[in-house]
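Asker: Our numbering numbers the first residue of the sequence shown as 13 and each following residue consecutively.
Built from N, CA and C at the ideal position, the CB exists for glycine as well.
Keep in mind it's a predicted model, so treat the numbers as computed, not measured.
Starting off with a structure, shown below.
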Amino acid sequence: MVKEDKTAEFMIAEYQNARARINSDIDEINKSEVFYITVWGLLYFAIFQFKITDHGFLKGVILLPVVISLYSLLRYHAHRFTIKTYEAYIKQWVEPYFLQYGVDPSGLSTFYDSYPGRILKPVRFVFHFALLAFSVLFAAMAWCYPEYAASIIAKGAEG
Numbered sequence: 013m014v015k016e017d018k019t020a021e022f023m024i025a026e027y028q029n030a031r032a033r034i035n036s037d038i039d040e041i042n043k044s045e046v047f048y049i050t051v052w053g054l055l056y057f058a059i060f061q062f063k064i065t066d067h068g069f070l071k072g073v074i075l076l077p078v079v080i081s082l083y084s085l086l087r088y089h090a091h092r093f094t095i096k097t098y099e100a101y102i103k104q105w106v107e108p109y110f111l112q113y114g115v116d117p118s119g120l121s122t123f124y125d126s127y128p129g130r131i132l133k134p135v136r137f138v139f140h141f142a143l144l145a146f147s148v149l150f151a152a153m154a155w156c157y158p159e160y161a162a163s164i165i166a167k168g169a170e171g
């Protein structure tokens, strides 16, 4: 049984605060992914819908999806780093306190470490990287071969 003292109360509060921060960052990742994907899609939709084929204008507009993709990837990594930091804090400092008193570990972060790895983290990274790679490649094509990029945009808008 956990000792009834101020340390136990402090550790419970620490655990709750750390979990709240982790949940907040996960929620922020989910909301921002929807936002970035929407903005990214709307930018390409506008490029193809309005047939933006003017070389000068296209070279400027085509950089916006690159910036959005790069920012979303960096922001995702920042949130992941914060989540990993709080998870490590919980596992190294908070949970050992309770485990030393024989608390049932089910439901704690260390309990889920024995589960097979989840694929959501790598899939999210690959997704963000794919958005960035596509944006960079399309922007490079628009900068190096503007006529070819304009023809793709014109054909894409037609059919």
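1) Helix or strand or just coil, what does DSSP make of residue 158?
2) I need the straight-line Cα distance from residue 45 to residue 136, nearest angstrom please.
3) To the nearest angstrom, how far is it from the Cα of residue 76 to the Cα of residue 55?
4) What is the rounded straight-line gap between the Cα of residue 112 and the Cα of residue 51?
5) Between residue 91 and the rest of its own chain, which residues show a CB-CB distance below 7 Å, the 5 nearest in sequence each way excluded?
6) At which residue ranges does the region 48-73 contain complete alpha helix (DSSP H) runs of 4 or more residues, listed in the order of the chain?
7) Reducing DSSP to helix, strand and coil, say where residue 80 ends up.
8) Tell me the rounded alpha-carbon separation between residue 13 and residue 43.
9) With distance defined between alpha-carbon atoms, name the residue in 73, 78, 97 nearest to residue 30.
10) Is the beta carbon of residue 131 sitting closer than 9 Å to the one on residue 63?
11) Would you please state the rounded distance, in angstroms, between the beta carbons of residue 67 and residue 162? I believe it to be under 8 Å.
12) If I measure Cβ to Cβ from residue 104 and keep anything under 6 Å in the same chain, skipping five residues before and after, which residues do I get?
Answerer: According to the structure data:
1) Helix at residue 158.
2) Each residue's Cα considered, the two are about 9 Å apart.
3) Note on geometry: alpha-carbon atoms of residue 76 and residue 55 lie some 8 Å from one another.
4) Their backbone Cα atoms lie some 49 Å apart in a straight line.
5) Excluding its 5 nearest sequence neighbours in each direction, residue 91 has C-beta neighbours in its own chain below 7 Å: 37, 40, 41, listed in chain order.
6) As far as the region 48-73 is concerned, its whole alpha helix (DSSP H) runs of at least 4 residues are 67-73.
7) Collapsing the DSSP output to three states places residue 80 in a helix.
8) With a pLDDT of 49 at residue 13, under the threshold of 50, the modelled position of that residue is not reliable, and the figure given next carries that caveat. Rounded to whole angstroms, residue 13 to residue 43 spans 40 Å at the Cα level.
9) Minimum Cα distance to residue 30 is reached at 97.
10) No, Cβ-Cβ distance for residue 131 and residue 63 is not below 9 Å.
11) With a beta-carbon spacing of about 7 Å, residue 67 and residue 162 fall inside the 8 Å limit used to define contacts.
12) Result list for residue 104: empty, nothing under 6 Å.
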